[in-house]
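In the working numbering, the protein residues as written are 13 to 142.
What follows is a set of notes on a single structure, which appears directly below.
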């Protein structure tokens with residue numbers, strides 16, 4: 013081998029050693045850099061997941077408030093209807109008596125047991141059982 017070939021071969025070996033040394037130094041640094049980026053990405057994903065859960069909870073809270081408000085309005089309507097019915101029946105004894113008599117004729121009214129001697133009720137044994 014000539015001197016120039018030896019210098020070329022030594023330079024090639026030196027370049028390979030330098031490349032290996034740079035890889036031995038750079039690969040751990042790259043691994044740390046990669047893990048750092050992965051950690052930042054995981055943190056961002058966790059923050060977004062948390063934000064999504066918060067928004068879902070707010071939406072559920074708002075929906076519950078709206079359902080409660082709707083229920084209050086419905087109850088106000090029922091109360092107003094009951095007041096109107098109560099006011100119309102307050103001084104209308106004839107109509108109430110009519111409804112009572114109709115209930116007696118229909119047989120759809122409740123059975124009322126009246127206590128007799130010894131506080132024992134007289135049971136209606138002939139009533140049709142359906």
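A virtual CB, placed ideally from N, CA and C, is assigned to each residue, including glycine.
Small disclaimer: the values here were computed from a predicted structure and weren't measured.
Q. In terms of residue numbering, what span does the alpha helix (DSSP H) encompassing residue 35 cover?
A. Looking at the DSSP string, the run of the alpha helix (DSSP H) that includes residue 35 is 15–102.
(Q) Below 8 angstroms on the Cβ atoms is my contact criterion, and I expect residue 107 with residue 116 to pass it. Report the Cβ-Cβ distance as a whole number of Å. (A) Contact annotation, residue 107 with residue 116: C-beta distance approximately 15 angstroms; criterion of less than 8 angstroms not satisfied.
Q: May I have the straight-line CA-CA distance separating residue 75 from residue 84, to the nearest angstrom?
A: For residue 75 and residue 84, the distance between alpha carbons rounds to 14 angstroms.
Q. Apart from the five residues on each side of it in sequence, which residues of its chain come closer than 8 angstroms, Cβ to Cβ, to residue 58?
A. Excluding the 5 residues flanking it on each side, residue 58 has no same chain C-beta neighbour closer than 8 angstroms.
Q) Which first and last residues belong to the alpha helix (DSSP H) in which residue 115 is found? A) That run of the alpha helix (DSSP H) goes 105–118.
Q) How many angstroms separate the CA atom of residue 38 from the CA atom of residue 52? A) Cα to Cα, residue 38 sits roughly 21 angstroms from residue 52.
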